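Numbering (this note's numbering), first residue to last: 10 to 378.
Here is the structure:
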């Protein structure tokens, strides 16, 4: 067994029903990977502290630790969901959803990367390989053929990542892939001829690991940006519906209350479509927030006017029911106030006048008690 560990291949795909035996094999292998990677990260961290380049390595060390924690937390969740293998079809589907679902939904993950469990493991492998090379660590190195196989697998993963880049932005990544592919073919031919490739393997492994790491991070950033854009679009839809509701509320208030408040109700469609550029999207979200606050202010203002009318009518009805409790010689005055109040309840209602009459009747009844 070598000193270094690579993540096991994950079974199935998102939400797929996978046989329980495959799931158990993966959970066991992932547990082993987790434990061995932790030991390796501790050794890398210790070596980085002693390295003159420790400042440059700190970012990768921290990211490696964060990824390990995210994977370890998801492994614990998978073990809990495994429940000693007592699984129905929907339980097995839930497990593959946990395997292939994104780790940034875990509150405890502590990572902003929108990556799945297998992607996090591969990124951890790439970071660990890059750190080993940067620190010049000796260890139980795999043989040349094994290292070439690992390089070939990494280049194929890079090929898949490049295929996922939008067409307009894939040119530079495609160029890097072609260069790595060419170097790998040359290296493989040299190994086949029995040539010494010791001086070629290390630099290629470093570049392959760095490229794969950068592409995974970029893919995660694109996923996060896409999710954010979808969230902004959902907010726009919600604000549009709220705007229609507030305008309907304003129209009802104007028809029901005399001297109703007059507030501008913003139309979110005036902002146009959300931009894809992150900086422009930040400014767009600020404007969306202003629209939301303005809608809430308008809603509460119009709703308070309507609620004031409802409360005054309820007060008049309540006080009218108390008139018969007064001495007979005082009832005429109270009935006159109640009658005047009812006359003022036609729409649109003058709330100031109605409030004065309702207040007078309430005060009259209270004083006469």
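Quick reminder that beta carbons are idealized off the backbone N, C-alpha and C, glycines included.
Note that the coordinates shown come from a computational prediction; the quantities given were computed from them, not determined experimentally.
(message) Less than 8 Å between C-beta atoms, sequence neighbours within five positions excluded: which residues of the same chain meet that for residue 133?
(response) 16, 46, 73, 76, 77, 80
(message) Checking 8 Å against the spacing of the C-beta atoms, do residue 328 and residue 371 come in under that value?
(response) yes
(message) Can you confirm whether the region 250-264 touches the region 273-281 when touching is taken to mean that 3 or more C-beta pairs between the two stretches lie within less than 8 Å?
(response) yes
(message) Nearest by alpha-carbon distance to residue 283: which of 224, 86, 236 is it?
(response) 236
(request) Please go through the same chain and pick out, in chain order, the residues whose beta-carbon is closer than 6 Å to the beta-carbon of residue 29, but skip the five residues on each side of it. (result) 94, 96
(message) What would DSSP say about residue 18, mapped onto helix, strand or coil?
(response) coil
(message) According to DSSP, residue 358 sits in a beta bridge with which residue or residues?
(response) 266
(request) Assuming residue 135 contacts residue 222 (C-beta within less than 8 Å), just tell me the rounded distance between them. (result) 4 Å
(message) I need the DSSP call for residue 125, collapsed to helix, strand or coil.
(response) strand
(message) Looking only at its chain, what residues have a beta carbon closer than 8 Å to the beta carbon of residue 270, apart from the 5 residues adjacent to it on each side?
(response) 262, 310, 311, 314
(request) Say whether the region 160-168 touches the region 178-196, bearing in mind that this needs 3 or more beta-carbon pairs closer than 8 Å, one atom from each stretch. (result) yes
(message) Let me confirm a value: residue 139 is counted as buried when at least 16 other C-beta atoms fall within 10 Å, else exposed. Which label applies?
(response) buried
(request) Could you tell me which of 22, 37, 358 sits nearest to residue 268, measuring between CA atoms? (result) 358
(request) Compare the Cα-Cα distances from residue 265 to each of 37, 62, 322, 173 and report the closest residue. (result) 322
(request) Go ahead and pull the three-state DSSP assignment for residue 111. (result) strand
(request) Assign residue 20 to one of two classes, buried (16 or more other C-beta atoms within 10 Å of its C-beta) or exposed (fewer than that). (result) buried
(request) Could you give the DSSP three-state label for residue 300: helix, strand or coil? (result) helix
(message) Tell me which residues share the same chain as residue 374 and place their Cβ nearer than 8 Å to its Cβ, disregarding the 5 neighbours each side in the sequence.
(response) 328, 331, 332, 335, 343
(message) Less than 7 Å separating the Cβ of residue 90 from some heavy atom of the ligand NAP?
(response) With respect to the ligand NAP, the structure offers nothing, as it holds no ligand at all.
(message) Give me, in chain order, the residues of the same chain whose beta-carbon lies closer than 8 Å to that of residue 238; leave out the 5 immediate sequence neighbours on both sides.
(response) 283, 285, 290
(request) Using a threshold of 8 Å, state whether the C-beta atoms of residue 157 and residue 197 are closer than that. (result) yes
(message) Please state the DSSP three-state secondary structure of residue 30.
(response) helix
(message) With H, G and I counted as helix, E and B as strand and the rest as coil, what does DSSP make of residue 40?
(response) helix
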